[in-house]
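A.B. asks: UniProt numbering applies: residue 1 is where the sequence shown begins, and numbers increase by one. All C-beta atoms in this analysis are idealised placements derived from N, C-alpha and C, irrespective of residue type, glycine included. Bear in mind the structure is a predicted one, so any value in this text is a computation, not a measurement.
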Amino acid sequence: MAYTKKIVVIGTGGTIAGQSGSAEDLTAYQAGELGIDEVLAIVPGVEHYGPFESKQLCNIDSSDMTMAIWIDLAHTVQAAVDRDDVAAVVITHGTDTMEEGSYFLQLTVKTDKPIVMVGAMRPATAISADGPLNLLQAVQIARSPEAVGKGVLVTLNGTINCAREVMKRHTTGSDAFGNDFFGHIGFVQDGVARFYYQSLRKHTLNSEFAPLAVKELPTVALVYLYGGIDSGVLHHVLQTKPHGLVLAGLGHGILPERIRQLVENLDIPVVRSSRTGSGMVSVMPNDSRHGFIAGDTLAPSKARILLTLALTKTTDRAALQEYFYEY
Numbered sequence: 001m002a003y004t005k006k007i008v009v010i011g012t013g014g015t016i017a018g019q020s021g022s023a024e025d026l027t028a029y030q031a032g033e034l035g036i037d038e039v040l041a042i043v044p045g046v047e048h049y050g051p052f053e054s055k056q057l058c059n060i061d062s063s064d065m066t067m068a069i070w071i072d073l074a075h076t077v078q079a080a081v082d083r084d085d086v087a088a089v090v091i092t093h094g095t096d097t098m099e100e101g102s103y104f105l106q107l108t109v110k111t112d113k114p115i116v117m118v119g120a121m122r123p124a125t126a127i128s129a130d131g132p133l134n135l136l137q138a139v140q141i142a143r144s145p146e147a148v149g150k151g152v153l154v155t156l157n158g159t160i161n162c163a164r165e166v167m168k169r170h171t172t173g174s175d176a177f178g179n180d181f182f183g184h185i186g187f188v189q190d191g192v193a194r195f196y197y198q199s200l201r202k203h204t205l206n207s208e209f210a211p212l213a214v215k216e217l218p219t220v221a222l223v224y225l226y227g228g229i230d231s232g233v234l235h236h237v238l239q240t241k242p243h244g245l246v247l248a249g250l251g252h253g254i255l256p257e258r259i260r261q262l263v264e265n266l267d268i269p270v271v272r273s274s275r276t277g278s279g280m281v282s283v284m285p286n287d288s289r290h291g292f293i294a295g296d297t298l299a300p301s302k303a304r305i306l307l308t309l310a311l312t313k314t315t316d317r318a319a320l321q322e323y324f325y326e327y
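#1: If you draw a straight line from the C-alpha of R272 to the C-alpha of T240, how long is it?
#2: Who are L156's beta bridge partners in DSSP?
#3: Judging by CA-CA distance, which residue of V139, A80, M121 is the nearest neighbour of T111?
#4: Using the rule of at least 16 other Cβ atoms within 10 Å of the residue's Cβ for burial, across every protein chain shown, is Q137 buried or exposed?
#5: For L135 versus L105, is the C-beta spacing smaller than 8 Å?
#6: Ends of the beta strand (DSSP E) at Q56?
#7: What residues are listed by DSSP as bridge partners for R194?
#8: Output needed for E53: all residues of its chain with C-beta closer than 6 Å, excluding positions within five of it in sequence on either side, in chain order.
#9: Express the C-alpha separation of A2 and Y327 in angstroms, rounding to a whole number.
#10: For the beta strand (DSSP E) holding M117, just list the boundary residues, first then last.
#11: By DSSP's criteria, M167 is part of a beta bridge. Which residues make up the other side?
#12: Below 6 Å CB to CB, which residues in the same chain sit around G191 once its five sequence neighbours on both sides are set aside?
#13: In the DSSP assignment, find the alpha helix (DSSP H) that holds R304 and state where it starts and stops.
#14: Which of the three DSSP states, helix, strand or coil, is assigned to Y224?
#15: Can you check DSSP and say which residues form a bridge with T4?
#16: Are Q17 and T66 touching if we call contact CB-CB under 8 Å?
#17: Here's the rule I'm using: 16 or more other beta-carbon atoms within 10 Å means buried, otherwise exposed. How should K313 be labelled?
#18: For the candidate residues T276, L262, Y325, whose alpha-carbon lies nearest to that of A248?
#19: Tell me whether L266 sits in a helix, a strand or coil according to DSSP, three-state version.
#20: DSSP on R258, reduced to helix/strand/coil?
#21: Once you ignore the five residues that flank Y197 on each side, which residues in its own chain have a CB closer than 6 Å to its CB?
#22: Does DSSP classify S207 as helix, strand or coil?
#23: I'd like to confirm the pairing. Which residues does DSSP put opposite I10 in its beta bridges?
#24: Please say whether P242 and V263 have beta carbons closer to each other than 8 Å?
#25: If you draw a straight line from the alpha carbon of P44 to that of L133, how long is it in whole angstroms?
#26: Using a Cβ-Cβ cutoff of less than 8 Å, which residues in the same chain neighbour K113 once the five nearest sequence positions on both sides are dropped?
#27: Check for me: the beta strand (DSSP E) holding I36 runs from which residue to which?
#28: Going along the chain, which residues of its own chain have a beta-carbon closer than 6 Å to the beta-carbon of L311, five neighbours each way excluded?
#29: Determine the DSSP secondary structure at D287, reduced to helix, strand or coil.
#30: Start and end of the beta strand (DSSP E) containing A129?
#31: Consult DSSP for D296 and reduce its assignment to one of helix, strand or coil.
#32: Between R289 and Q321, what straight-line distance do the alpha-carbon atoms span, to the nearest angstrom?
#33: Pairs of beta-carbons, one from the segment 57–65 and one from the segment 10–27, closer than 8 Å: are there three or more?
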C-alpha cells in the first residue's frame with residue numbers, strides 16, 4: 001500500500017539506540033548512542049510504511065529523563081500531529097521511564113492521531129536485538145486505522161499497551177511490558193495491529209491538560225514506604241517544599257501510623273497509591289478528613305504525573321480526587 005501522509009519518528013535515545021563492544025553484552029551497554037536515522041536504517045522492511053520524517057529530540061539513557069524534556073516532547077508531538085501532512089507519530093524512548101513518559105503524553109497531547117512509543121530491552125549491537133522488530137511493529141500500529149483515537153500506545157515484543165496502564169515488569173526480559181491487572185489491549189500479528197480493548201479513561205482529545213500550555217510544572221515528590229520506615233525520611237522530603245506528595249503505600253495504599261500523623265492535614269495534596277503494582281486504592285472513610293486522595297489503579301509513578309498536571313488546574317482536594325476517577 002502506498003501512503004501519502006508522513007509518520008514523524010522522534011528519537012529520544014534509550015536501549016533501542018544503544019551500543020556495546022560485544023554482541024553478548026546485554027546489560028553493560030551505553031544507551032543513546034545511535035541517532036534516530038541510524039536506528040531506522042537497520043529496520044528491514046520499514047520503508048514500505050513511509051514516508052517518514054525523523055527528528056532527534058535528545059539521545060539519552062531514559063534514567064536521565066527530566067520533566068523538562070517530556071514537556072519539550074509533548075510540544076514537539078503536538079506540533080507534528082497538528083500538521084495536515086502527518087498521519088501519526090512514533091517515539092523511540094528508553095524503557096526505564098517509558099511508563100511515565102507515555103502517560104505524560106497521554107494527558108498532554110490533544111489529537112486522535114496514533115501516537116506510539118517504542119523501545120527495546122537489548123541494545124542494537126546485541127545478539128537477537130529486539131529493537132528493529134519493535135520499531136517495525138510500532139510503525140505498523142501507527143499505520144493502522146484501528147489505532148486512531150486510542151490515545152498513546154506502547155509496544156514491545158509484539159504487544160500493544162495503553163499508556164495509562166502499562167508497566168515495566170522485568171529488568172531485562174524482552175516481554176517486560178504489560179499490566180498484570182488489565183493485560184494488553186492488543187498485539188501485532190503478521191504485520192497487522194489487532195485490538196481487543198481500549199481505555200475508557202479520559203486522554204488526548206478529551207484531556208483537560210491538552211494541549212500542554214506551560215513550560216514549567218509543579219514539583220511533586222514520590223516516596224516509597226516500607227516496614228519500619230523512619231518519619232525522618234519524609235521530613236527531609238517535605239523540607240524541599242514540593243507542591244504535592246505521592247506515597248507508594250503498603251498493600252491497599254496503607255500508611256504506617258507515624259507517617260499518617262506526619263502527613264495528615266498538610267497544606268499540600270497527598271495521594272495514597274500502592275507499591276504492589278496491581279489493584280485499586282479506593283477511598284477510605286478518613287481520607288477526606290485527613291486530606292488524602294486515593295490513587296485509584298494508577299501506579300505511583302503515574303499518580304505523580306497526574307497530580308503534577310492536576311495541580312496546574314486546582315489544589316482543591318475533592319476536585320483532585322475527581323481527576324483520579326476520570327483519568
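C.D. replies: The short version:
#1: 20 Å
#2: T159
#3: A80
#4: buried
#5: no
#6: 52–60
#7: F187
#8: K6, V8
#9: 37 Å
#10: From DSSP, the beta strand (DSSP E) with M117 extends over 115–118.
#11: The beta-bridge partner set that DSSP reports for M167 consists of G178.
#12: Q140
#13: 300–310
#14: DSSP places Y224 within a strand segment (E or B) once states are collapsed to three.
#15: Checking the DSSP bridge columns, you'll see T4 has no partner listed.
#16: It should be noted that the sequence gives Ala, not Gln, for residue 17. No, these two residues do not count as a Cβ contact at 8 Å.
#17: exposed
#18: T276
#19: coil
#20: Reduced to three states, the DSSP call for R258 is helix.
#21: I185
#22: coil
#23: Answer is K55, I91, bridged to I10.
#24: no
#25: 8 Å
#26: V81, V86, A87, A88, V89, V148
#27: Note, I36: premise wrong, no beta strand (DSSP E); alpha helix (DSSP H) at 36–41.
#28: P218, H243, G244
#29: helix
#30: Here A129 belongs to no beta strand (DSSP E), and DSSP marks it neither H nor E.
#31: Strand at D296.
#32: 13 Å
#33: yes
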